[in-house]
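Chemist:
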Amino acid sequence: MANHLYLVDGSGYIFRAYHRLPPLTNRHGQPAGAVYGFTTMLWKLLDDLGRADGPSHLAVIFDASSKTFRNTMYDQYKAHRPPPPPDLTPQFPVIRDAVRAFSVPCIEEEGLEADDIIACYAKAALAEGWQVTIVSSDKDLMQLIEPGLDLLDTMNNRRIGAAEVVEKFGVPPEQLGDVLALMGDSVDNVPGVPGVGAKTAAQLIQEHGNLENVLAAADGIKKPKLRQSLIDHADAARMSRELVRLVCDRPLAQPLDQLAMQGVPPEPLRAFLEDQGFRSLLTKLGGATADAAPPPPRPADEPAFVHKDYETVTDEAALDRWIADAFAAGAVAVDTETNDLDCIRATLVGISLATAPGKACYIPIAHGGDGLLAEAPAQLSRETVLGKLKPLMEDPSILKIGQNLKYDLIMFRRHGVDVTPYDDTMLLSYDLDAGLGAHGMDDLAKRHLSHACIEFKTVCGTGKSAITFDKVPLDKATEYAAEDADVTLRLWRKLKPRLGLEAATRVYELVDRPLVPVIAEMERAGILVDRAELARLSAEFGQEILRLEGEVHEIAGTKFAIGSPQQLGKVLFEGMGLKGGKKGKSGAWSTDVTELERLAGEGAEIARKVLDWRQMTKLKSTYTDALQQEINPETGRVHTSYSLAVAQTGRLSSNEPNLQNIPIRTEVGRRIRHAFVAGPGNVLISADYSQIELRLAAHMADVPQLKQAFAEGTDIHSLTATELFGEVNRDTRGRAKTINFAILYGISSWGLAARLGTDRADAQAMIDRYFERFPGINRYIAETIAQVREHGFVTTLFGRKLHLPAIKGKTVGERQGAERQAINAPIQGTSADIIKRAMVRMGPNLAAAGLGDVRMLLQVHDELVFELPEAQVDAATAVIRETMERAAEPAIRLDVPLGVEIGVAANWGDAH
DNA sequence: TGGTTCACG
DNA sequence: GACGTACGTGAACCAG
Numbered sequence: 009m010a011n012h013l014y015l016v017d018g019s020g021y022i023f024r025a026y027h028r029l030p031p032l033t034n035r036h037g038q039p040a041g042a043v044y045g046f047t048t049m050l051w052k053l054l055d056d057l058g059r060a061d062g063p064s065h066l067a068v069i070f071d072a073s074s075k076t077f078r079n080t081m082y083d084q085y086k087a088h089r090p091p092p093p094p095d096l097t098p099q100f101p102v103i104r105d106a107v108r109a110f111s112v113p114c115i116e117e118e119g120l121e122a123d124d125i126i127a128c129y130a131k132a133a134l135a136e137g138w139q140v141t142i143v144s145s146d147k148d149l150m151q152l153i154e155p156g157l158d159l160l161d162t163m164n165n166r167r168i169g170a171a172e173v174v175e176k177f178g179v180p181p182e183q184l185g186d187v188l189a190l191m192g193d194s195v196d197n198v199p200g201v202p203g204v205g206a207k208t209a210a211q212l213i214q215e216h217g218n219l220e221n222v223l224a225a226a227d228g229i230k231k232p233k234l235r236q237s238l239i240d241h242a243d244a245a246r247m248s249r250e251l252v253r254l255v256c257d258r259p260l261a262q263p264l265d266q267l268a269m270q271g272v273p274p275e276p277l278r279a280f281l282e283d284q285g286f287r288s289l290l291t292k293l294g295g296a297t298a299d300a301a302p303p304p305p306r307p308a309d310e311p312a313f314v315h316k317d318y319e320t321v322t323d324e325a326a327l328d329r330w331i332a333d334a335f336a337a338g339a340v341a342v343d344t345e346t347n348d349l350d351c352i353r354a355t356l357v358g359i360s361l362a363t364a365p366g367k368a369c370y371i372p373i374a375h376g377g378d379g380l381l382a383e384a385p386a387q388l389s390r391e392t393v394l395g396k397l398k399p400l401m402e403d404p405s406i407l408k409i410g411q412n413l414k415y416d417l418i419m420f421r422r423h424g425v426d427v428t429p430y431d432d433t434m435l436l437s438y439d440l441d442a443g444l445g446a447h448g449m450d451d452l453a454k455r456h457l458s459h460a461c462i463e464f465k466t467v468c469g470t471g472k473s474a475i476t477f478d479k480v481p482l483d484k485a486t487e488y489a490a491e492d493a494d495v496t497l498r499l500w501r502k503l504k505p506r507l508g509l510e511a512a513t514r515v516y517e518l519v520d521r522p523l524v525p526v527i528a529e530m531e532r533a534g535i536l537v538d539r540a541e542l543a544r545l546s547a548e549f550g551q552e553i554l555r556l557e558g559e560v561h562e563i564a565g566t567k568f569a570i571g572s573p574q575q576l577g578k579v580l581f582e583g584m585g586l587k588g589g590k591k592g593k594s595g596a597w598s599t600d601v602t603e604l605e606r607l608a609g610e611g612a613e614i615a616r617k618v619l620d621w622r623q624m625t626k627l628k629s630t631y632t633d634a635l636q637q638e639i640n641p642e643t644g645r646v647h648t649s650y651s652l653a654v655a656q657t658g659r660l661s662s663n664e665p666n667l668q669n670i671p672i673r674t675e676v677g678r679r680i681r682h683a684f685v686a687g688p689g690n691v692l693i694s695a696d697y698s699q700i701e702l703r704l705a706a707h708m709a710d711v712p713q714l715k716q717a718f719a720e721g722t723d724i725h726s727l728t729a730t731e732l733f734g735e736v737n738r739d740t741r742g743r744a745k746t747i748n749f750a751i752l753y754g755i756s757s758w759g760l761a762a763r764l765g766t767d768r769a770d771a772q773a774m775i776d777r778y779f780e781r782f783p784g785i786n787r788y789i790a791e792t793i794a795q796v797r798e799h800g801f802v803t804t805l806f807g808r809k810l811h812l813p814a815i816k817g818k819t820v821g822e823r824q825g826a827e828r829q830a831i832n833a834p835i836q837g838t839s840a841d842i843i844k845r846a847m848v849r850m851g852p853n854l855a856a857a858g859l860g861d862v863r864m865l866l867q868v869h870d871e872l873v874f875e876l877p878e879a880q881v882d883a884a885t886a887v888i889r890e891t892m893e894r895a896a897e898p899a900i901r902l903d904v905p906l907g908v909e910i911g912v913a914a915n916w917g918d919a920h
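Residue numbers (my numbering): 9 to 920.
1) With H, G and I counted as helix, E and B as strand and the rest as coil, what does DSSP make of V873?
2) Sort G203, R166, A209 and I168 by Cα distance to G178 and report the nearest one.
3) Do the region 472-486 and the region 440-454 meet, that is, are 3 or more Cβ pairs less than 8 Å apart?
4) Would you identify the three-state DSSP class for V321, choosing helix, strand or coil?
5) I need the boundaries of the alpha helix (DSSP H) containing L704, first residue and last residue.
6) Pull the bridge partners of M864 from the DSSP assignment, please.
7) Helix, strand or coil for A913 per DSSP?
8) Does the count of Cβ pairs from the region 85-99 and the region 34-54 closer than 8 Å reach three?
9) Let me know if Q284 comes out buried or exposed under the rule of 16 or more other beta-carbons within 10 Å of its beta-carbon.
10) Would you give the residue range spanned by the alpha helix (DSSP H) that F549 belongs to?
11) Where does L32 sit, in a helix, a strand or coil, going by DSSP?
12) Going by the CB atoms, is the gap between V255 and C128 shorter than 9 Å?
13) What's the gap between the Cα of N11 and the Cα of D158?
14) Where does Q656 fall in DSSP's three states?
15) What are the start and end residues of the beta strand (DSSP E) that includes V143?
16) Could you work out which residue in L752, R679 and L732 is closest to R743 when comparing CA atoms only?
17) Compare the Cα-Cα distances from R845 to each of T566, N786 and V524 and report the closest residue.
18) Could you tell me whether the Cβ atoms of V519 and R278 are closer together than 9 Å?
19) Can you name, in chain order, every residue of its own chain whose Cβ lies under 7 Å from the Cβ of P92, other than the five neighbours on each side?
20) Please classify P665: is it buried, with 16 or more other beta-carbons within 10 angstroms of its beta-carbon, or exposed?
21) Excluding five sequence neighbours on each side, which residues of the same chain lie with their C-beta closer than 6 Å to the C-beta of I20?
22) Got a sec? Which residues, its chain only, sit under 6 Å from E319 by beta carbon, not counting five neighbours each side?
23) In three-state terms, what does DSSP make of A268?
24) Can you look up V425 in the DSSP assignment and give me helix, strand or coil?
25) According to the Cβ coordinates, are L692 and A884 closer than 9 Å?
26) Could you check if E182 belongs to the surroundings of the ligand MN, using beta carbon to heavy atom distance under 8 Å?
27) Out of curiosity, what's the CA-to-CA distance linking Q795 and L752?
28) Just the Cα atoms here: how many angstroms apart are H725 and L536?
29) Could you compute how far the alpha carbon of I842 sits from the alpha carbon of K502?
30) Residue range of the alpha helix (DSSP H) that L184 falls in?
31) According to the neighbour-count rule (16 or more other Cβ atoms, all chains shown, within 10 Å of its Cβ), is S194 buried or exposed?
32) For a minimum of 4 consecutive residues, which ranges assigned as the alpha helix (DSSP H) are wholly contained in the region 114-174?
33) Within the continuous alpha helix (DSSP H) that includes K292, where are the two ends?
34) Does the region 868-879 come within contact of the region 679-699, defined as at least 3 CB pairs closer than 8 Å?
Below you can see the structure in the form of structure tokens.
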């Protein structure tokens with residue numbers, strides 16, 4: 009096998025590691041985010057040792073100093089580069105230590121840039137007939153690409169060869185230097201030719217072959233501006249050509265042979281990791297103390313899925329054997345089967361375990377006959393099974409692995425079993441791959457194991473003929489249930505090792521994983537709803553709907569289904585001849601609020617009545633009727649279910665019923681909130697973050713005026729109105745508010761115009777003015793879009809990732825949509841991270857204050873709702889406020905305070 | 001099942 | 001100069 013030399017552009021990588029990780033500190037309190045990022049990157053590369061295209065030789069190259077021969081050539085070279093951030097500088101020497109800790113050569117040379125050193129080693133290796141891979145995405149280094157040499161961009165694991173260069177720059181690598189010379193580089197202050205960008209440069213070089221030919225042919229160029237620029241700046245272009253040319257003929261400081269890799273000895277790596285306190289990496293190294301579980305081995309030849317191997321456990325000896333297996337393995341995948349998706353109402357039917365790939369069992373507990381012919385099969389009792397499993401589930405040295413473990417946690421908790429410690433494959437996937445697909449078990453099995461799980465419906469059927477799981481015969485039940493545990497275990501082995509390498513550990517360990525039992529308890533608690541009050545509202549709304557229906561039919565002169573947008577459109581725009589606006593995809597008239605509001609404004613009485621009718625039917629069917637159905641007969645309360653891995657940005661979502669969209673904006677709707685009440689002797693506390701997303705935008709985009717306004721507590725929309733319009737009144741403040749929100753969502757002049765009711769030019773002028781007054785916002789947007797284009801994902805302040813593959817989509821619309829998501833996701837996602845951190849700390853903080861009776865019931869994105877004995881209101885309010893206001897600390901120090909508004913009342917409506 | 005509408009942050 | 005037109009959700013209802 010030919011030698012394969014990997015040359016890592018250390019300097020380039022330091023900056024990427026620095027920018028993609030939050031400002032972590034090591035156990036000495038020194039900044040270490042870049043060190044950590046760098047270490048994980050190197051680890052990942054070394055993991056590929058021994059693979060066919062993995063490294064046989066490897067070195068990391070750094071810049072020695074900022075002065076090189078290029079400064080002698082041109083004193084302005086890199087002159088405008090800002091100094092590195094102050095918390096990065098002290099990490100430079102530590103990163104060199106990290107490289108040495110891996111027993112990997114670390115090369116730098118006075119007077120040469122890392123790029124030049126890389127070029128020298130690359131050429132020397134190619135001359136020996138070696139393969140070369142340069143780990144970097146620096147465009148200057150792309151000049152070196154030739155057969156046998158490629159670039160590797162580890163951020164997206166993309167290899168860059170000649171084809172990719174042609175795709176990106178329009179010319180092959182050997183002509184890239186000429187293109188770069190014409191373009192110039194504002195970051196390095198390479199002048200280039202003014203007015204010539206990537207497109208023009210590529211075109212010129214394609215046409216004339218090289219820079220000298222372009223300059224020679226300048227006189228004959230048609231476009232007058234371009235011609236003159238080329239003539240005027242010919243010398244600058246020639247100098248730029250020399251600046252971008254890489255030096256590749258210097259003698260090597262270390263002969264190539266010395267770069268050979270022979271694996272990584274555990275020392276001194278362990279000492280380094282321990283010194284830095286990188287616990288997850290220590291765990292990976294093996295034999296560490298941080299985690300209970302052994303590090304998952306690299307999946308080698310895992311057995312294929314063979315269902316007949318799964319065991320049905322129906323006697324105590326077999327169960328004991330499986331439990332012993334789990335103790336020996338140190339980690340066990342667990343899945344519970346029930347007769348209902350609602351885990352508050354459900355009965356436990358069976359439990360499956362997996363201790364190794366392909367090695368899984370199903371323990372039936374409550375399988376009955378089919379209700380007709382078959383008798384209940386012989387099986388262990390629930391008490392026996394749970395009694396034997398409890399020590400395993402609660403053993404601190406055995407890791408329990410689940411897929412959507414929240415469900416199983418609630419099932420076990422209801423039977424007096426606490427599951428700990430645990431991992432959740434759904435959350436692992438969510439924190440690694442958000443934006444790349446769904447995180448359900450079937451999705452994950454397809455994506456990672458190329459395996460199609462047995463579908464639930466093939467076991468239990470669908471629709472009216474569906475049966476519950478306790479009616480499924482044991483052989484079929486075992487195949488299905490044991491497979492779930494098997495798949496879960498295999499997924500964990502794939503996903504868990506990626507956590508540290510892809511910088512997802514912090515979000516997973518500090519935010520999402522510890523949140524699971526917190527949410528489980530909230531769901532179990534539920535909230536009390538006044539059924540009689542809802543029934544009264546239903547009756548009242550029903551009357552109102554009938555009245556409005558009659559009036560609408562009368563005005564229209566015909567009876568029709570008001571709820572059918574199609575019929576309504578025909579009646580309004582064809583029957584009554586009103587002026588219709590837009591049509592939807594299906595060619596039907598649009599009858600949405602904006603259209604009906606427009607008609608009402610033009611004096612169409614029927615439009616107002618249809619709007620009222622819509623509001624009433626919405627409130628009745630979605631809320632007052634439906635909520636009564638959702639009251640659990642056992643507890644008398646409503647138990648929503650929170651999805652932890654659905655929202656792209658890191659938010660929770662609530663379903664069955666959705667308690668995150670209970671009306672509040674209109675007075676009628678608000679009455680529904682009054683039906684959410686505290687139990688006897690208790691009150692509800694509602695605590696919500698005030699303007700959290702705007703505060704985060706002020707911090708992340710670094711806008712001095714906004715930060716000051718939040719610090720001083722001045723009204724933020726008035727401040728914006730002053731900046732934009734020079735005066736504050738109801739009109740300007742309202743417009744400023746709209747613009748402030750538009751910014752958070754990724755603005756377009758068209759959209760803003762539609763919302764402000766002005767024309768596009770007017771809206772554009774306002775946007776320009778906003779950017780002029782708050783240049784930080786403009787910069788944030790530009791940097792965010794650049795980041796997502798380069799790396800394919802964006803991150804929150806806490807490092808949560810959202811992948812946006814649509815940024816490379818086919819249509820402009822698709823790409824712009826991804827840009828807007830990219831602008832919004834870091835802000836919305838950071839807000840989600842913050843409230844999740846508050847929720848994780850809330851229980852311990854309340855308990856420490858002796859407030860164990862305070863129960864957290866609901867989360868509505870920026871609001872938490874609690875129920876507590878009235879006597880504890882003052883003490884609880886203080887703890888809740890403190891916990892929420894300090895939730896970002898110590899990981900992130902925000903430049904703005906987080907404001908929390910708190911209300912107390914007997915019902916949710918009045919607690920605001 | 002997809003489209004439309006509308007409740008929330 | 002064309003593109004499509006504010007971010008993130010869940011639920012009800014209609015129509016095919």
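Backbone N, C-alpha and C fix where the C-beta goes; we use that ideal spot for every residue, glycine too.
Treat the numbers as computed from the prediction; the structure is a model and nothing was measured.
Modeler: Here's the rundown:
1) For this step, residue 873 is matched to residue 865 along the first sequence. The answer is strand: DSSP assigns V873 an E or B state.
2) Locating residue 178 in the first sequence gives position 170, counting from the first residue. Ranking the options by Cα distance to G178, first place goes to A209.
3) no
4) Counting from 1 along the first sequence, the entry for residue 321 is found at position 313. Here V321 sits in coil by DSSP.
5) Sequence index remark: in the first sequence, residue 704 carries index 696 (1-based). That run of the alpha helix (DSSP H) goes I700 to M708.
6) For the purposes of this step, residue 864 is taken as the residue at position 856 of the first sequence. According to DSSP, M864 bridges with F874.
7) Within the first sequence, numbered from 1, the residue matching residue 913 stands at position 905. In this structure, A913 counts as strand in the three-state DSSP scheme.
8) Segments in contact, yes.
9) Taking the first residue of the first sequence as 1, we reach residue 284 at position 276. Per the 10 Å Cβ criterion, buried.
10) On the first sequence, position 541 is the one that residue 549 refers to. Counting along the chain, the alpha helix (DSSP H) containing F549 begins and ends at R539 to A564.
11) As a position in the first sequence, residue 32 is number 24, starting the count at 1. If DSSP states are grouped into helix, strand and coil, L32 belongs with coil.
12) Counting from 1 along the first sequence, the entry for residue 128 is found at position 120. Counting from 1 along the first sequence, the entry for residue 255 is found at position 247. Contact: yes.
13) Numbered from its first residue, the first sequence carries residue 11 at position 3. Numbered from its first residue, the first sequence carries residue 158 at position 150. Cα to Cα, the separation comes out at about 14 Å.
14) Along the first sequence, one-based indexing puts residue 656 at 648. Coil.
15) Indexing the first sequence from 1 puts residue 143 at position 135. Run containing V143: Q139 to V143, per the beta strand (DSSP E) assignment.
16) Along the first sequence, read from residue 1 onward, the residue named residue 743 stands at position 735. Out of L752, R679 and L732, L732 has the C-alpha closest to the C-alpha of R743.
17) Along the first sequence, one-based indexing puts residue 845 at 837. Comparing Cα positions, the closest option is V524.
18) The residue given as residue 519 occupies position 511 in the first sequence. The residue given as residue 278 occupies position 270 in the first sequence. No, Cβ-Cβ distance for V519 and R278 is not below 9 Å.
19) The residue labelled residue 92 in the question sits at position 84 within the first sequence. Answer for P92: no residue qualifies.
20) The sequence position of residue 665 within the first sequence is 657, counting from 1. Label assigned to P665: buried.
21) Position 12 of the first sequence, counted from the start, is the residue given in the question as residue 20. The amino acid occupying residue 20 in the given sequence is Gly; Ile does not appear at that position. Correct list, in chain order: S144 and D146.
22) In the first sequence, counting from the first residue as 1, residue 319 sits at position 311. Cβ neighbours of E319 beyond the five flanking positions: C369.
23) Sequence index remark: in the first sequence, residue 268 carries index 260 (1-based). For A268, the secondary structure class from DSSP, reduced to helix, strand or coil, is strand.
24) Numbered from its first residue, the first sequence carries residue 425 at position 417. Residue state, collapsed to three classes: coil.
25) Stepping through the first sequence from its first residue, residue 692 is reached at position 684. Stepping through the first sequence from its first residue, residue 884 is reached at position 876. No, Cβ-Cβ distance for L692 and A884 is not below 9 Å.
26) For the structure depicted, the ligand MN is absent and the ligand set is empty, with no information on it obtainable.
27) Along the first sequence, read from residue 1 onward, the residue named residue 795 stands at position 787. Along the first sequence, read from residue 1 onward, the residue named residue 752 stands at position 744. Rounded to whole angstroms, Q795 to L752 spans 17 Å at the Cα level.
28) For the purposes of this step, residue 725 is identified with residue 717 of the first sequence, where counting begins at 1. For the purposes of this step, residue 536 is identified with residue 528 of the first sequence, where counting begins at 1. Taking the CA atoms as reference points, H725 sits about 37 Å from L536.
29) Here residue 842 is taken as the residue at index 834 of the first sequence, counted from 1. Here residue 502 is taken as the residue at index 494 of the first sequence, counted from 1. If you take the alpha carbons of I842 and K502, they lie about 29 Å apart.
30) By one-based count along the first sequence, residue 184 stands at place 176. It spans P181 to M191 - the alpha helix (DSSP H) in which L184 sits, taken as one unbroken run.
31) The residue given as residue 194 occupies position 186 in the first sequence. S194 comes out exposed.
32) 122-135
33) Taking the first sequence and counting its residues from 1, one reaches residue 292 at position 284. Element bounds for K292: R287 to L293.
34) yes
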